[in-house]
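Colleague: Just dropping this structure here.
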C-alpha cells in the first residue's frame, strides 16, 4: 500500500466516523464536530509550525486562542462613543505610559554601565512609572465600567465586519507572541514551556479581570455573525420552499444551513493555511527550519541566525492559533473567558499534533479531526460502557450512580492513554514526517 | 503601640499565610527538583501526583472519620497521610515501570519525556476526577485555630487580632520535619549519597557501581511522599479541589526554577520567595500603612499593587527576572 493510499484511507476513515455520527445521532451534531474539528485543525497547524518545523515547545496555546477571541469583540462589537469619551482615551494613554515605563527600564538596563546607579535608576523608573500608570489608569477604568454595567461597561469595538476579526485575531496573537518570544525564546526548552504556560494563564487572568476590555467574566454575548440567523431563514418563504423540496422541515434546514455556512468558511481558511504551510515546508525556509531543529549548533555554524528564525516561527505559529481562536469565538457567538481551560485548549491540541504526526501538516489536520471526534464522542461512549459494566448492579446502588456520574471524566483518561500509546508504539504519528 | 499593631496586622495577613503557603510550595518544588536532578526532565504531572496522593488521604480520612477514629485536636488527615503516601508510591512506581522506563532505556531527549509526562498528567487528572469528582471536598477536622483573633486581642489588649489556623502551624511543622528528614537522607545515608552522585555525574556514578534503577526507584518513592504531603497540607489549609492542584504547577515550577532546578536547598528558598512575593504584591496595604502614616495622611485606596487574581502573574514575573539575570537560579542549579 503506497503512502498516498494509506493517507487517503485515514482521512476517509475519519470522514466515515463523522457520517456514522450523522446517521446514528443527528446531522446537526455531526456538522458541529466537523466545524470544531476544522478549527482544531488550524490550531494544530499552528502548533505544528512551532513544534514540528522548529522544535519549539509552546504550551501557551490557550493564551493565543483567547487573544483571537478577544479580537472578535474588539473588532466587531459596535462602537461605544460614550465609553471612549468617558475614559477610553485615558486607558489608552495609561497603557502607553506603562509601555513607556517598561521601555525606559529596558533602555536603562542596556545603555547604562553596570553598578549601583543603574539599579537605582531602574527602580526609580519602575516605581514612578507604576504609580503614574495606576493614577491615570484607575479613574478612567472606573468611568468606563460605570457606563451601563449590566449590559456594557466596556470600551466596545470598532464596529467592523466580523470576518475582519479573524486576521485581526492573528495579528493580536502575533504581537503578543513577539513580545513573549523576545524575552523567553533564548531559554532552554523546558524553561520556554514553563514560560509559555505562565503567559497563557496571565492572558486569561487579564481577560477575566479587566472588565473594561471585554466585560471579563460577565462575558460578551450576541457577537455579530458572518452567516444569516436561523430565524430570518425560517421567515424567508424562498428558503422554506427549497427546504421543503429537499424534504426537510424549516427549523432543521435552517440550523443545518447556518452550520454548513460556517463549515464552508472554515474549510476555506483551513485550505489556505494548509497550502501556505505546505509551501513553507517545501521552501528553502522550511528546510532551514528543520535543519535548525535537528542540529542547532551545525545550523548556527552555517551562518543561520537561530534566535531570529525561532522568533519568526514562534510568531507565525501563534498567529495561526490566534486566527483559529477568533474563528472559534465567532462560531460560539460569545466570548466567555471563564471557559478557557489549559487541558482543553493547550494540551489537547498537543495530543492532536503528536497523534497526527508532528512535522507533517496533513498529519496535524488528520490528528485534529480524529482527536476532536474522540473528545466529543468519548463521553456518550463512556456512559454507554458504564451502563454495560454496571448492568448487574442493583438499581440505585451508590457505586452504580457514582460510576455513571464519573463517565463524564473518561475523556481526559482516554486522551492520556491515546497520547502515551502513540508516543510508545508509533512516535512519529499516523502520518509521519517525510 | 501603632507599630506593634501594624506588625500584628502584617503578620496576620502577610507573614503567616505566606509562610504556610511557602512551605507547601517548597515541598512541591522539592519533588519537581528531585525528578529534574535524577531523571532529568520537568514533570508536568507533578500537580496531579499531588492531587492523587491527597485524594487517597481524603478517602482514608473519611473512612477513619466514619469509624470514629480521630486525633482529637489534630486533623484526622495526619493519620491517613501514610496511606496516601503509600497509594501515591504505588501509582508513581507503576507509572515509571509502564511509561517512563521505556524512554529512559532509549535515552530519549528530555523534551520527549516532558511530552510523555503530559500524557501521564491527563491520565492522573482523569483518574482523580473519575474517583472523587471535580468538586471541592472538605476533609479538615480537629481544632480550627491555634490562636483565634479574639483571644489574641484579649491577651494582648491590641487593636489588631492575630489568628493562627492550626493547619498553618501544622503545615510549617510537618514541612520542617519533611525537609530535615530529606536532607538527612540525602547527606547521610548510602542511598542518598548515591542519589546525589547520580545527579551530579551520571556516567561516573554508573562506573562506580551505582544501580541506576535503584536510584530512580528511591527518587520516585521520595517524590511520592513529598508530593502527597504537600498536597494534603495544601488541601487542609485551603480545600481539596483537583483542578487547583493542576494550577499549582506554575508556582511550583517557578519556585523550583527560581531556586535553581536540581538544587533541593534552592527549591525551598524558591518556594518562600514566590509565596512571599505573591502575598505581598496582592495584599491590600491600607491597614498596615494606616498605622505608619501621620494622622490625616492615611491612604484612601486599598493600596493594593495588583488584584489577587493576578497572583500567577507575580510568580511568573519573578521567574522571568531570575531567568533573564541568573539563568541557573539563586542557588546554582543544573543547566542541561
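Residue numbers (the numbering used here), protein chains in the order written: chain A, 1 to 434; chain B, 1 to 336. All C-beta atoms in this analysis are idealised placements derived from N, C-alpha and C, irrespective of residue type, glycine included.
#1: Determine the extent of the alpha helix (DSSP H) in which residue 146 of chain B is found, giving its start and end residues.
#2: I think residue 32 of chain A touches residue 157 of chain A, with their Cβ atoms under 8 Å apart; what is that distance to the nearest whole Å?
#3: Could you give the distance in angstroms between the alpha-carbon of residue 59 of chain A and the alpha-carbon of residue 329 of chain A?
#4: Flag this pair as touching only if the region 417-426 of chain A and the region 386-400 of chain A have three or more C-beta atom pairs under 8 Å; answer yes or no.
#5: For residue 141 of chain A, which residues does DSSP report across the bridge?
#6: Does DSSP put residue 74 of chain B in a helix, a strand or coil?
#7: Taking residue 62 of chain A as the query, report the chain B residues whose CB atoms sit under 8 Å from its CB, ordered along the chain.
#8: If the cut-off is 7 Å on Cβ atoms, which residues from the region 346-375 of chain A count as contacting chain B, listed in chain order?
#9: Does DSSP classify residue 139 of chain B as helix, strand or coil?
#10: My guess is that residue 38 of chain B and residue 215 of chain B are in contact by the Cβ rule of under 8 Å, so how many angstroms apart are they, rounded?
#11: What runs of the alpha helix (DSSP H), each 4 residues or longer, lie entirely inside the region 243-290 of chain A?
#12: Among residues of its own chain, excluding the 5 on either side of residue 54 of chain B, which ones have a beta-carbon nearer than 8 Å to its beta-carbon?
#13: Could you spell out the range, first to last residue, of the alpha helix (DSSP H) harbouring residue 63 of chain B?
#14: Run the CB neighbour count on residue 405 of chain A, radius 10 Å, all protein chains shown included, and call it buried at 16 or more, exposed below.
#15: What whole-angstrom Cβ distance do residue 279 of chain B and residue 319 of chain B have, given they're in contact under 8 Å?
#16: Let me confirm a value: residue 262 of chain A is counted as buried when at least 16 other C-beta atoms fall within 10 Å, else exposed. Which label applies?
#17: Listed in chain order, which residues of the region 177-190 of chain A have Cβ atoms closer than 9 Å to some Cβ of chain B?
#18: Looking only at its own chain, which residues have a Cβ that is under 8 Å from the Cβ of residue 265 of chain B, when we skip the five neighbours before and after it?
#19: What residues match up with residue 169 of chain A in a beta bridge as DSSP calls it?
#20: Once you ignore the five residues that flank residue 222 of chain A on each side, which residues in its own chain have a CB closer than 8 Å to its CB?
#21: Could you tell me the distance, in whole angstroms, from the CA atom of residue 147 of chain B to the CA atom of residue 16 of chain B?
#22: Would you say residue 417 of chain A faces chain B, with C-beta separation under 8 Å as the test?
#23: Can a CB atom of chain B be found closer than 8 Å to the CB of residue 235 of chain A?
#24: Listing by chain order, which chain B residues have their CB less than 9 Å from the CB of residue 35 of chain A?
#25: Taking beta-carbon pairs under 7 Å, can you tell me which members of the region 40-69 of chain A lie near chain B?
#26: Verify the CB distance criterion: does residue 123 of chain A have a CB-CB separation below 8 Å to chain B?
#27: Which same chain residues end up closer than 8 Å to residue 423 of chain A when comparing Cβ atoms and leaving out the 5 residues on each side of it in sequence?
#28: Could you have a look at residue 221 of chain A and say whether DSSP puts it in helix, strand or coil?
#29: Compute the beta-carbon to beta-carbon distance between residue 162 of chain B and residue 4 of chain B, rounded to the nearest angstrom, for a pair I have assumed lies under 8 Å.
#30: Using a beta-carbon distance below 8 Å, is residue 361 of chain B in contact with chain A?
#31: Could you check whether the region 298-308 of chain A touches the region 37-52 of chain A, counting it as contact only if at least three pairs of C-beta atoms, one from each stretch, sit closer than 8 Å?
#32: What whole-angstrom Cβ distance do residue 123 of chain B and residue 413 of chain A have, given they're in contact under 8 Å?
#33: What separation, rounded to the nearest whole angstrom, lies between the Cα atoms of residue 12 of chain B and residue 299 of chain A?
#34: Buried or exposed, going by whether 16 or more other CB atoms sit within 10 Å of the CB of residue 335 of chain B?
#35: Between the beta-carbon of residue 360 of chain A and the beta-carbon of residue 432 of chain A, is there less than 8 Å?
#36: Do you know offhand how far residue 177 of chain A's Cα is from residue 197 of chain A's?
Modeller: The answer reads as follows:
#1: From DSSP, residue 146 of chain B is part of no alpha helix (DSSP H) but of the beta strand (DSSP E) over 145-147.
#2: Incorrect: roughly 26 Å between the Cβ atoms, too far for contact.
#3: Per the coordinates, the alpha-carbon of residue 59 of chain A lies some 20 Å from the alpha-carbon of residue 329 of chain A.
#4: Flag = no, the region 417-426 of chain A and the region 386-400 of chain A do not touch.
#5: According to DSSP, residue 141 of chain A shares a beta bridge with no other residue.
#6: Strand at residue 74 of chain B.
#7: Near residue 62 of chain A there are no residues of chain B at all, since even the closest Cβ is about 13 Å away, more than 8 Å.
#8: Hits within the stretch, in order: 347, 350, 354.
#9: Reduced to three states, the DSSP call for residue 139 of chain B is coil.
#10: Indeed, because the Cβ distance is near 6 Å, the residues count as touching under 8 Å.
#11: Fully enclosed alpha helix (DSSP H) runs of 4 or longer: 250-282.
#12: Excluding sequence neighbours, residue 54 of chain B sits near 84, 228, 231, 232, 234, 235, 240, 245.
#13: Segment 46-67, the alpha helix (DSSP H) holding residue 63 of chain B.
#14: It is exposed - the Cβ of residue 405 of chain A has fewer than 16 other Cβ atoms within 10 Å.
#15: With a contact defined as Cβ atoms closer than 8 Å, residue 279 of chain B and residue 319 of chain B miss out at about 16 Å.
#16: Answer is buried; the Cβ neighbour count reaches 16.
#17: Answer in chain order: 183, 184, 186, 187, 188, 189, 190.
#18: Counting only residues of its own chain and dropping the five nearest sequence neighbours on each side, residue 265 of chain B has a CB closer than 8 Å to the CB of 259, 331.
#19: Residue pairing from DSSP leaves residue 169 of chain A without any beta-bridge partner.
#20: Excluding the 5 residues flanking it on each side, residue 222 of chain A has same chain C-beta neighbours closer than 8 Å at 333, 334, in chain order.
#21: Residue 147 of chain B and residue 16 of chain B: Cα-Cα distance of roughly 12 Å.
#22: Residue 417 of chain A counts as touching chain B.
#23: Using a Cβ-Cβ cut-off of 8 Å, residue 235 of chain A does not count as an interface residue toward chain B, since no Cβ of chain B sits closer than that to its own.
#24: Among the residues of chain B, none has a CB under 9 Å from the CB of residue 35 of chain A; the nearest is roughly 24 Å distant.
#25: Taking 7 Å as the Cβ-Cβ cut-off against chain B, the residues of the region 40-69 of chain A that qualify are 57.
#26: No, its Cβ sits nowhere closer than 8 Å to a Cβ of chain B.
#27: Within the same chain, residue 423 of chain A has close Cβ partners 354.
#28: In this structure, residue 221 of chain A counts as coil in the three-state DSSP scheme.
#29: Beta-carbon to beta-carbon, residue 162 of chain B and residue 4 of chain B are separated by about 11 Å, too far to satisfy the 8 Å threshold.
#30: Nothing in the structure corresponds to residue 361 of chain B, since chain B is present only between 1 and 336.
#31: Contact between the region 298-308 of chain A and the region 37-52 of chain A is absent, because fewer than three Cβ pairs lie under 8 Å.
#32: Taking a contact as a CB-CB distance under 8 Å, the pair residue 123 of chain B and residue 413 of chain A counts as one, their CB atoms being some 6 Å apart.
#33: Those two C-alpha atoms are separated by around 56 Å.
#34: Model confidence at residue 335 of chain B stands at a pLDDT of 47, short of 50, so the residue's coordinates are unreliable; what they give is reported in the following sentence. Label assigned to residue 335 of chain B: exposed.
#35: In this structure, residue 432 of chain A lies closer than 8 Å to residue 360 of chain A by Cβ.
#36: Taking the straight line from one Cα to the other gives about 13 Å.
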